[in-house]
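*Asks:* Start counting the sequence shown at 1; every next residue gets the next number (UniProt numbering). In this text, a Cβ means the ideal position worked out from N, Cα and C, and glycines have one as well.
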Amino acid sequence: MSEGFAAGALVGYQYWKDAPAIGTGQYAVAFDPVTGAPTAMGEARDDFDIHALRLGVKGTAEFDMFDIQAEAAWIPYAHVSGALGGSAPGGFNFPGVPVTVYENAQTTLSGRGQGVMLEAMAGFHPTENLALRIGGRAWYLEGNLDAVFNGTAGGVAQPTMTLPSTYASLFRYGLRAELTGKF
Numbered sequence: 001m002s003e004g005f006a007a008g009a010l011v012g013y014q015y016w017k018d019a020p021a022i023g024t025g026q027y028a029v030a031f032d033p034v035t036g037a038p039t040a041m042g043e044a045r046d047d048f049d050i051h052a053l054r055l056g057v058k059g060t061a062e063f064d065m066f067d068i069q070a071e072a073a074w075i076p077y078a079h080v081s082g083a084l085g086g087s088a089p090g091g092f093n094f095p096g097v098p099v100t101v102y103e104n105a106q107t108t109l110s111g112r113g114q115g116v117m118l119e120a121m122a123g124f125h126p127t128e129n130l131a132l133r134i135g136g137r138a139w140y141l142e143g144n145l146d147a148v149f150n151g152t153a154g155g156v157a158q159p160t161m162t163l164p165s166t167y168a169s170l171f172r173y174g175l176r177a178e179l180t181g182k183f
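#1: Give a yes or no on whether the C-beta atoms belonging to G36 and V99 are separated by under 9 Å.
#2: What did DSSP end up calling N150 once you bin it into helix, strand or coil?
#3: Our contact map puts N104 next to Y27 with C-beta atoms below 8 Å; I'd like the distance itself, whole angstroms only.
#4: With 16 as the cutoff for other CB atoms within 10 Å, does T107 come out buried or exposed?
#5: So for S81, helix, strand or coil by DSSP?
#6: Using only the alpha-carbon positions, how far apart do residue 187 and G155 sit?
#7: For the pair the segment 1-12 and the segment 117-131, tell me if three or more CB-CB distances fall below 8 Å.
#8: Do G59 and A7 come within 9 Å of each other at the CB atom, strictly closer than that value?
#9: Among the residues of its own chain, which have a CB less than 6 Å from the CB of M161, if the five just before and after it don't count?
#10: Compare the C-alpha of A9 against each of D49, W74, E43, K182 and name the closest.
#11: Does DSSP put F48 in a helix, in a strand, or in coil?
#12: Could you check which residue in E119, E178, G85 has the C-alpha nearest to that of A19?
#13: Nearest-angstrom Cα distance between L118 and L179?
#14: Check this for me: beta carbons of V57 and M41, under 9 Å apart or not?
#15: I'd like the ranges of any beta strand (DSSP E) spanning at least 3 consecutive residues and lying wholly in the segment 102-170.
#16: I'd like the span of the beta strand (DSSP E) that includes F5, first residue to last.
#17: Provide the residue(s) that pair with K58 in DSSP beta bridges, ordered along the chain.
#18: Do V11 and I50 come within 9 Å of each other at the CB atom, strictly closer than that value?
#19: Do A120 and G135 have their CB atoms nearer than 9 Å?
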């Protein structure tokens, strides 16, 4: 810290768990032997594990009872894996397939990506040892993911389909609040 200002570079690893509770998808777990229609459904939730390399800069400035902190990081490489919530409990109709195809397991994903992470906070110091901060963050990741789809048609399990993507993206943003005490 020089005259109330500091800046520096960062290199690091971040584990990002993204498992939003945005509702539950479904997939078929049991089928009617005559019609091939689902008779019982299983719960499927989005659940991603992201391992990211981060390269960036961080700066801070202090003014009497206030401070400002900001960080910008580039993610040149991230490994993404996980599962996607069930997509269509009513099934899919594919061209050339005379019966409806139902998902019989969660769709799994794996692949790589790149992106950016931005964070900023403004703080108030009511005492020398206490800081209250509020700010925000925005994380963005895009890349190529392979999806593995498991389906059943007419009550008969179909071969697993690997569906490569040319583009997938994930964007998370939100407010941050922090209370820090020094002892």
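*Replies:* Quick answer:
#1: Result yes, Cβ atoms of G36 and V99 sit closer than 9 Å.
#2: Look at N150 here: in three-state DSSP terms it is coil, with no helix or strand label.
#3: Sure, about 6 Å apart at Cβ, within 8 Å.
#4: With 16 or more other Cβ atoms from the protein chains shown falling within 10 Å of its own Cβ, T107 counts as buried.
#5: In the structure shown, S81 sits in a strand (DSSP, three-state: E or B).
#6: Not covered by the structure: residue 187. The range shown for the chain is 1 to 183.
#7: Contact fails: fewer than three Cβ-Cβ distances are below 8 Å.
#8: For A7 and G59, yes; Cβs fall inside 9 Å.
#9: If you ignore the 5 residues before and after M161, its C-beta comes within less than 6 Å of the C-beta of F149, all in its own chain and listed in chain order.
#10: Distances from the CA of A9 to each of D49, W74, E43, K182 were compared; the closest alpha carbon is that of W74.
#11: Of the three classes helix, strand and coil, the one that applies to F48 here is strand, per DSSP.
#12: Of the listed residues, the one whose Cα sits closest to A19 is G85.
#13: Going by C-alpha positions, L118 is about 20 Å away from L179.
#14: Not in contact: V57 and M41 (Cβ atoms no closer than 9 Å).
#15: Those beta strand (DSSP E) runs which fall completely within the segment 102-170 and span 3+ residues are 107-127, 130-149, 151-153, 161-164.
#16: Run containing F5: 5-18, per the beta strand (DSSP E) assignment.
#17: In the DSSP assignment, K58 is bridged to G8, E71.
#18: No, Cβ-Cβ distance for I50 and V11 is not below 9 Å.
#19: Contact: yes.
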